[in-house]
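Colleague: Input: one structure, supplied below.
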Amino acid sequence: MITLEHVSKSYTNDGMPALNDVSLQIDKGEFVFIVGDSGSGKSTMIKLLLRELTPSDGRITVNGVDVARLKRRQIPKYRRNIGCVFQDFRLLKDRNVYENVAFAQRVIEIPTKKIKKNVPAMLSLVGLPEKYKSKTRQLSGGEQQRVALARALVNNPPILLADEPTGNLDPRNSWEIMRLLEEINRRGTTVVVVTHNREIVNAMRKRVVTVKKGVIVSDEEKGEYIDED
Amino acid sequence: MKISTLVFTFKQGFKNIFRNKVFSLATVATIAACIFLFGMFYAMVVNIQYSIEKVETSVAVTVFFDDDITEARIQEISNQISSRSEVSSINYVSADAAWESFKMDYLGEYADGYEGDNPLAGSENLEIYLKDVSKQSELVAYLETVDGVREINHSDATANILTKINELLSYVSLGIIGILLAVSLFLISNTVAMGISVRREEIAIMKLIGATDFVVRSPFLIEGILLGIIGALIPLAAVYYIYNNIVEYASQHFVILNDLLQFRSATDIFHVLIPVALVLGVGLGFFGSFITVRRHLKV
């Protein structure tokens, strides 16, 4: 489903690469943690998968599509197959919960009738059916991340990328988000979570890919967050 | 594009105005300021030109004829002159009409002594009015070659002064339009810079969700056009109000200048100003939005 073949990414010509000769395969329906310290290259990997960046070297394929070869006009359609959530939620602050989730359907021209059906269903899945009228700035961090999740999933993408989804949350909300991700994975979505939350990674016993200084140093089924220091 | 998407796009464009109130206000103020300056300047220039035109049309070239000329020949010359492109109108003044006019203007009751006599016999003439006073010398040169013409009265000085004023007005207009354009560009570039910072995050989110450039751009363009229309209507109303008050005030308080100051009606001014201001407002709003959004589309 997701393949990285000898992928390198440098931001400058002479500096150290953010990713260096990384190869990785993630199959359909997997739940994978990508862990590592700040600056290890985890977020660069997410940006490459979202086609915010292109690799300096190597090849990335997602669902058989060579991501670097996508033409500019093909990128929006490609991104609709990948739901994504971020540490800072990235919600449209001046719109309410319903509008934020509905927006993901509007951009792919889903008829309003279907949107009115899909959005409440998705808000129920993330546990916020009664908050649909609230402005996002009125919500707690955990609630905002759930709205972000609902938005990421409303179009039924086969892949969900989560970049530090618990980074701004307290432990209780972090666990609730992780349980939601697990549930989403159980329903068939491939989930890739970039995090440095050791406690959660170690407790969930999923596949763990550890990145250090732009290189994959371990890749284990039911792995743990290994403290390299 | 589906109708529901089109309706959504329009709604978003309209809502955007209220979402970023400060930005909307700044944009409307900028466009309104530019169009207000343009409107006031346009009204001023049109009125100056109108006054000059009035003066120009009152400047006539007078042609007198040989004593033995026939009425038929005068008519023939008159027809030839009328057919020239620079001629606006032509007026034949017979010797009798000239004498009647003279009596009325200068003699009054003292004219009784001249009863049955016309001291101005042989002074029949043609008064020629020009469309463009700068063409006067060209016409005079032609008239000098016409057979049967005895004398041509004209004022080079008046024609030259009016031509110079017209030229000066053109240069001043161009200069002021240039300055207004520079000021407008400066104001609009500042507003655009503000728009860029306001929209950066929002556009990035839309792009990550998978919105096409068209879907991202359309509401902002509609917002820009709406702000442009509002930004045009406000100064139009202001200029209309100010113009009518100035005309009313000037005609009431400067009666002595009424012959010199010729005001165009507000209808005449706004017949041109309304479409120009709307095109300018919509254009500024549209391109302002276009530039701000384009900067963030490459996500």
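In order, the protein sequence lines correspond to chains C and H.
Going by the numbering used here, the first residue of the first sequence is number 3, and it counts up by one from there.
Going by the numbering used here, the first residue of the second sequence is number 126, and it counts up by one from there.
The beta-carbon is built from N, C-alpha and C at its ideal position, and this holds for glycine as well.
1. DSSP on residue 82/C, reduced to helix/strand/coil?
2. Candidates 150/C, 91/C and 42/C: which alpha carbon is nearest residue 212/C's?
3. Under three-state DSSP, which class holds residue 279/H?
4. What residues from the region 321–346 of chain H come within 9 Å of chain C, judged by C-beta to C-beta, listed N to C?
5. Skipping 5 residues on each side, what residues in its chain have a beta carbon closer than 8 Å to that of residue 138/C?
6. What residues match up with residue 68/C in a beta bridge as DSSP calls it?
7. Taking buried to mean at least 16 other C-beta atoms within 10 Å of its own C-beta, is residue 208/H buried or exposed?
8. Residues in the same chain with beta-carbon distance under 7 Å from residue 32/C, minus the five sequence neighbours each way, listed in chain order, please.
9. Judging by CA-CA distance, which residue of 235/H, 276/H, 202/H and 387/H is the nearest neighbour of residue 191/H?
10. Please compile the residues from chain C whose C-beta is within a distance smaller than 8 Å of the C-beta of residue 130/H.
11. From residue 390/H to residue 396/H, what distance separates their C-alpha atoms?
12. Could you round the C-beta distance between residue 196/C and residue 62/C to whole angstroms and report it? I think they count as a contact, below 8 Å.
13. With 8 Å set as the bound, which would you pick, yes or no: does the beta-carbon of residue 71/C sit closer than that to a beta-carbon of chain H?
14. Kindly indicate which three-state DSSP category residue 215/H falls into: helix, strand or coil?
15. Go ahead and pull the three-state DSSP assignment for residue 187/C.
16. If you follow the alpha helix (DSSP H) that residue 221/C is in, where does it begin and where does it stop?
17. Just verifying my parser: in three-state terms, what is the DSSP assignment at residue 134/C?
18. Does the region 351–370 of chain H come close enough to the region 156–174 of chain H to have 3 or more Cβ pairs within less than 8 Å?
19. With 8 Å set as the bound, which would you pick, yes or no: does the beta-carbon of residue 137/C sit closer than that to a beta-carbon of chain H?
20. Would you kindly work out how many angstroms separate the C-alpha atoms of residue 214/H and residue 150/H, rounded to a whole number?
21. Can you tell me where the beta strand (DSSP E) holding residue 254/H begins and where it ends?
22. For residue 133/H, would you say it is in contact with chain C, using Cβ-to-Cβ distances shorter than 8 Å as the test?
23. Which residues bound the alpha helix (DSSP H) around residue 354/H?
24. Residue 209/H bridges to which residues according to DSSP?
Modeller: On the basis of the supplied data:
1. coil
2. 42/C
3. coil
4. Listed in sequence order: 326, 327, 329, 330, 331, 332, 333, 334, 335, 336, 337, 338, 340 and 341.
5. Within the same chain, Cβ atoms closer than 8 Å to the Cβ of residue 138/C are found at 91, 93, 94, 95, 97, 98, 99, 102, 146 and 149, the five residues on either side in sequence being excluded.
6. Per DSSP, 63/C.
7. exposed
8. 192 and 209
9. 276/H
10. Within chain C, the residues whose beta carbon sits less than 8 Å from that of residue 130/H are 108 and 111, listed in sequence order.
11. 10 Å
12. 16 Å between Cβ atoms; not a contact.
13. no
14. Three-state DSSP puts residue 215/H in a strand.
15. helix
16. Where residue 221/C is concerned, there is no enclosing alpha helix (DSSP H), although the beta strand (DSSP E) it sits in stretches over 217–222.
17. coil
18. Taking 8 Å as the limit for Cβ pairs, the verdict is that the region 156–174 of chain H does touch the region 351–370 of chain H.
19. Proximity of residue 137/C to chain H, defined by a Cβ-Cβ separation below 8 Å, is not satisfied.
20. 53 Å
21. 250–255
22. Interface residue, yes.
23. 338–378
24. Paired residues: none, contrary to the question.
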